[in-house]
Each structure stands twice: as C-alpha cells, then as structure tokens.
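Here the structure comes first, spelled out in structure tokens, and everything after it is commentary.
Number of protein chains: 2
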Amino acid sequence: MTELLGKRTRVQDVYDLIRDRLLSGGFEPGSKLRLNDFVDAYGVSLSVVREAVTRLAGDGLVQASPQRGFAVMSLTVDDLLDLTRARVLIETLALAESIRLGNVAWEAAVIASHHELANTPMLTADGETDLAFARAHRAFHDTLLAGCQSTRLQAVAAELRACSELYQSWSTHLAHDDTRDIAGEHRTIAELTVARDEPGAVEALRAHIERTTAALVRYAEESTAERASG
Amino acid sequence: MTELLGKRTRVQDVYDLIRDRLLSGGFEPGSKLRLNDFVDAYGVSLSVVREAVTRLAGDGLVQASPQRGFAVMSLTVDDLLDLTRARVLIETLALAESIRLGNVAWEAAVIASHHELANTPMLTADGETDLAFARAHRAFHDTLLAGCQSTRLQAVAAELRACSELYQSWSTHLAHDDTRDIAGEHRTIAELTVARDEPGAVEALRAHIERTTAALVRYAEESTAERASG
DNA sequence: TGTCAAGATAAAATCGATTCTTTTGCGAAA
DNA sequence: TTTCGCAAAAGAATCGATTTTATCTTGACA
Chain A
1185 MTELLGKRTR VQDVYDLIRD RLLSGGFEPG SKLRLNDFVD AYGVSLSVVR
1235 EAVTRLAGDG LVQASPQRGF AVMSLTVDDL LDLTRARVLI ETLALAESIR
1285 LGNVAWEAAV IASHHELANT PMLTADGETD LAFARAHRAF HDTLLAGCQS
1335 TRLQAVAAEL RACSELYQSW STHLAHDDTR DIAGEHRTIA ELTVARDEPG
1385 AVEALRAHIE RTTAALVRYA EESTAERASG
Chain B
1185 MTELLGKRTR VQDVYDLIRD RLLSGGFEPG SKLRLNDFVD AYGVSLSVVR
1235 EAVTRLAGDG LVQASPQRGF AVMSLTVDDL LDLTRARVLI ETLALAESIR
1285 LGNVAWEAAV IASHHELANT PMLTADGETD LAFARAHRAF HDTLLAGCQS
1335 TRLQAVAAEL RACSELYQSW STHLAHDDTR DIAGEHRTIA ELTVARDEPG
1385 AVEALRAHIE RTTAALVRYA EESTAERASG
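These protein sequence lines map, in sequence, to chains A and B. Numbering (the working numbering) for the first sequence: 1185 to 1414. Numbering (the working numbering) for the second sequence: 1185 to 1414.
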C-alpha cells in the first residue's frame, strides 16, 4: 500500500519480521506488544520499532491506543464472520472480473502460482505452520484476482485477507482438519478459473473461504467450551 | 482504523492537521512533503511528524518511498476511475443492506446528518472549500452506510471515500458546477433511503458518485488541454 | 558542448536520552 | 477486609542530535 522501490530500510525489515510473526501465531491475540522487547530482539532503536508497529496498525493487524501502546488485534467470532462476509463479497467480485477480462499471461500466472502452492508443504518438519506455505497461499489468492482491472479492489481484498490470516494463524487445527481437502479446494478453484467457468470458480472460492471460517468458529467454540467446563 | 480512546496525543493532532490540509487541497498532488517544514510549523519533533505521515501513508493519502521520504499521492484519471468503480460497488452494497436492515435509530441519524449537511455552506466567505462542509459531507455518507451490519465494509468504504476526497479537493470547479444540484442529489438520496426504496436510493447514490467523478475527469481534461495549448 | 565524477548540500533514517502518563504496590483509614 | 490515595516503577510519547543516503553543484575531461 505504501512502498515504492526495493530499497531496504530497518523499519521495513522490522515490519516484515513482526508481521510474519503476527501472521504465524507468534503472539497471543489481544496481548500487548512490548516495544522494548523488539528493540532488544532486533537491535534497533525504539523509533524504528514504533514506525513498524504503526504501519501494522494501519494494516489492521495491530490495535493502537493512545498512551497505552499497541496490542495485537483481538479476535472475536463476530468480527471473523463480518470479515468473511466482506471478503466473500469482494473476492468473488474480483475473481468474476478476472475470469471475464484476464489475459493469457494472467492465466499462466494462476497455473504457476497454483503449482507452487501445491508443491509447498503446509507444515514444517516440526509441525509448525510453514512461512513458505503462507507466502505461497497468499500469492495464489492474489494471483486469482490479478486479472481484474481494479487495483483498488485487489488491494482491499489483500488487506482483508491479511486480517483473516491473523485468525487462521490461531488454529493449528486447520491443517489437521480431516474433513477437508484443502489442496483439492485450491486445485478446483485453479481449474475452474483457468477454464473460465465464472459461476463455478466463484462458488468454489466462496466455499473455500467459508469453510475455513466455519472450521475456525468450530475451533473457537470448542476452546470456550473447554474453558467453561475445565 | 486504529484509535481507541479520546486521548489526545501530539501525533494525533499533527495527523489531523496534515490530513485536513491534504483533503482541502493544501498540497500539490505528487509533491514532496518536507517533514522539517511541519516540525517548524507545528512546533513538534521530527518523530511526531514522521509517525503522523506514516499513518497517512497507511490511509493511502500519502506515498512513502524508502530513502526518499513522503509525497502526496499523485492523481491520475485512471486511478480515479478505478477508485470510483470500487466505491460504487462497495457503497451501493452497503447502502442496500442498510436500507434492508437499518433500524429507526439509523433512520433518524440519516435524517439528522442530512439536515446538518443541508445547512452547511459548501464554501467559506472567501470562496475556499469549507472544512465544516467536508466534515458534514463525510458524516452524511458514513451515516448512510451505518445501518449495514458489516463494520468492515463500512471501514473500507470510508477509506476509499477519503482517497476520493483527495481528488475532489483539487477541483474548485466542483462547487461552481452549474449543471449540477448537489444539495438536491443529497436530498434525493436521503429521502429515498429513509423511504426504504432500495433500488432508487442505490441508483441515486451511484449517480451522485459518478457525477462527481465525471466532473473531475472533465476538469482534468480541460487542465491538460490548456497545458498542451498554452 | 556534453558527460561524468568528486565534493558539497539537503534530507531521510536512526539513535539515545528526556519527559510525561499510566499502572502497580503498599500502607493508612474506614 | 475493603477502599482510598500516595509513591514508586514501568512504559509511552517526545525530543534533539547523529549517522546514513540521496541529490545537487561544479569543474575536469572527452
């Protein structure tokens, strides 16, 4: 949303580091971000950390409150449902247009990014969600919408998707859900998209997004039930 | 998108000041922002200015480029058209839902904010666009969508609308356009909305947004034509 | 005349320290 | 035992200065 050239600056590095950690469940939702910890951990000055975190707040991943610092955005089922609805509306709109207007280069990009995704394992050897997979997943979904004319719509979709990732990162269950064939869902979306089957692809994408949310909601309800009984 | 409580901090003050100035055409589009000027003008430290401007970059009003500082987002007709399309899609979606689901309190808020808008002059005594009008206009459009369930959709709409304001602030012509009855357009939208005429209100809103864009595009073409011939 | 490079200048990025604000801990009063 | 208020500690916000990077200037050379 903001960067132009490939120059590297400390703020960017720290921004990327914290963002990756956020999106891989490295912080408790709602927990305070101790800026000084980052100063020590990354060996940079406070100003750098502050600017990086300010950007994350702009992305909606971090909550900034005056005189009280920054906290990881707190997660609620209501917001997740809202987010999902917004995503479905916007992403299906953009996908439909991609299918209608996307050129051959875009088609190729879809195939390529799906291939990349299909060949990246969801989990690392020690069972953690893999950063490479997250990246590939993001790239695949971005590419699906890249045929659409509207840069703005794509940007909005990417922003909302990032917020969703915050939720997803909090359920390791997702990767272990036996009732779903996530790779298959991706394959279906890719195939229908490339086949220019607009209603089919749109429906597959909708189902994909909503299934993930449903799994998360189930997970959240289990968690609160446990907490209530235990 | 980020603030929580009503605490005032220097960063916020400066953010508001620069934002207001941005949205009232106080800077050339694409021009560099001299951070040190703000330091002098507002009597705050550079860190404060930096953080404020970083936020504006997050809002998409300012372009940040590493090692080169910040510039006012540059305006192009293509982007304006894209922005308009995205806004129409999202705002009409939200308005339709508002009309379907909004309660009486929302209805009252629409009437109230329209009344406020209708009684705020567009221009100050000396012909400048009035900050109070801009605020009332923003509030009116926000309220129209406030009946909709989706906070996220409302936030996205507000963000995109802010970007549009950047364009609008650059045409003083808008306020002098004889071919349009802007107050009438607002009244129509408000009336159809309160009357729960979904297709009518949606259509009126679409026309309102697109007319503004059309006027801006006409203005842009005149400007470039002048520049080419003169 | 035009191109290029070293030096000078301006601006961005970063730092470390200072100044506030909020939170926490503790003891006195109810 | 609880509540209140004050002091101490922690953390956020801000500052002023330093370091790094880009841009501009000027003069040698082709």
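C-beta: ideal position from N, C-alpha, C; glycine also.
Secondary structure at B:G1368: helix, using DSSP grouped into helix, strand and coil. Counting every other CB atom within 10 Å of its CB across the protein chains shown gives A:S1348 a total of 16 or more, marking it as buried.
The beta carbon of B:T1308 sits closer than 8 Å to the beta carbons of D1314 from its chain, once the five residues preceding and following it are set aside; these are given in chain order.
At a cut-off of 8 Å between beta-carbon atoms, B:D1266 makes contact with chain A.
Residues of the stretch 1330 to 1351 of chain A with a C-beta atom less than 9 Å from some C-beta of chain B are Q1333, S1334, T1335, R1336, L1337, A1339, V1340, E1343, L1344, C1347, listed in chain order. In its chain, beyond the 5 residues on either side, V1261 have a beta carbon closer than 6 Å to the beta carbon of B:A1404.
Within chain B, the residues whose beta carbon sits less than 7 Å from that of A:S1231 are S1231, listed in sequence order. Of the other Cβ atoms in all chains shown, fewer than 16 fall within 10 Å of the Cβ of B:R1192; this residue is therefore exposed.
Under the Cβ distance rule, B:G1253 does not count among the residues neighbouring chain A, no pair being separated by less than 8 Å.
Taking the C-beta atoms as reference points, A:R1203 is found nearer than 8 Å to A:L1245.
By the C-beta density criterion, B:D1224 is exposed, having fewer than 16 other C-beta atoms within 10 angstroms. Within chain B, the C-beta atoms nearer than 7 Å to that of A:E1235 come from R1234, E1235, T1238, in chain order. Residues A1341, L1344, R1345, S1348, I1393 of the same chain have their beta carbon placed closer than 8 Å to that of B:R1271, with the five preceding and five following residues left out of the count. Put simply, of B:L1206, B:V1386, B:A1280, B:A1302 the residue whose alpha carbon is nearest the alpha carbon of B:D1365 is B:A1302.
DSSP links B:V1256 through a beta bridge to B:V1246. Contact between the stretch 1271 to 1291 of chain B and the stretch 1327 to 1341 of chain B is established, with three or more Cβ pairs separated by less than 8 Å.
Distance from the CA of B:F1254 to the CA of B:I1295, rounded to the nearest whole angstrom, comes to 40 Å. Taking C-beta atoms as the reference points, A:T1276 and A:R1371 fail to come closer than 8 Å. Beta-bridge partners assigned by DSSP to A:L1307: A:T1313.
By the Cβ-count criterion, B:L1376 is buried, with 16 or more other Cβ atoms from all chains shown falling within 10 Å of its own Cβ. B:P1305 is positioned such that its CB atom lies closer than 8 Å to that of B:F1317. For the set B:D1266, B:L1273, B:Y1226, the Cα lying nearest the Cα of B:E1387 is the one of B:L1273.
Taking C-alpha positions only, B:S1353 is separated from A:D1381 by approximately 42 Å. Taking the CA atoms as reference points, B:R1322 sits about 26 Å from A:T1268. The Cβ atoms of A:V1228 and A:R1194 lie closer than 8 Å to each other. Interface annotation for the stretch 1267 to 1283 of chain A against chain B: L1267, R1269, A1270, L1273, L1277, criterion Cβ-Cβ distance under 7 Å.
For A:V1294, the enclosing alpha helix (DSSP H) begins and ends at 1288 to 1302.
CA-to-CA, the gap between A:L1350 and A:Y1199 works out to about 15 Å. Contact with chain A is found for B:P1250, since one of that chain's Cβ atoms lies less than 8 Å from the residue's Cβ. In its own chain, leaving out the 5 sequence neighbours on each side, no residue places its CB closer than 6 Å to the CB of A:T1363. Within the same chain, and ignoring the five residues on either side of B:L1207 in sequence, the residues whose Cβ sits closer than 8 Å to its Cβ are L1245, A1318, A1346, E1349, L1350, S1353. Comparing alpha carbon positions, the residue from B:G1210, B:E1212, B:I1373 closest to B:L1279 is B:I1373.
A direct Cα-to-Cα measurement between B:G1214 and B:R1336 gives close to 29 Å. A:S1231 is a Cβ neighbour of B:S1231, given a cutoff of 8 Å.
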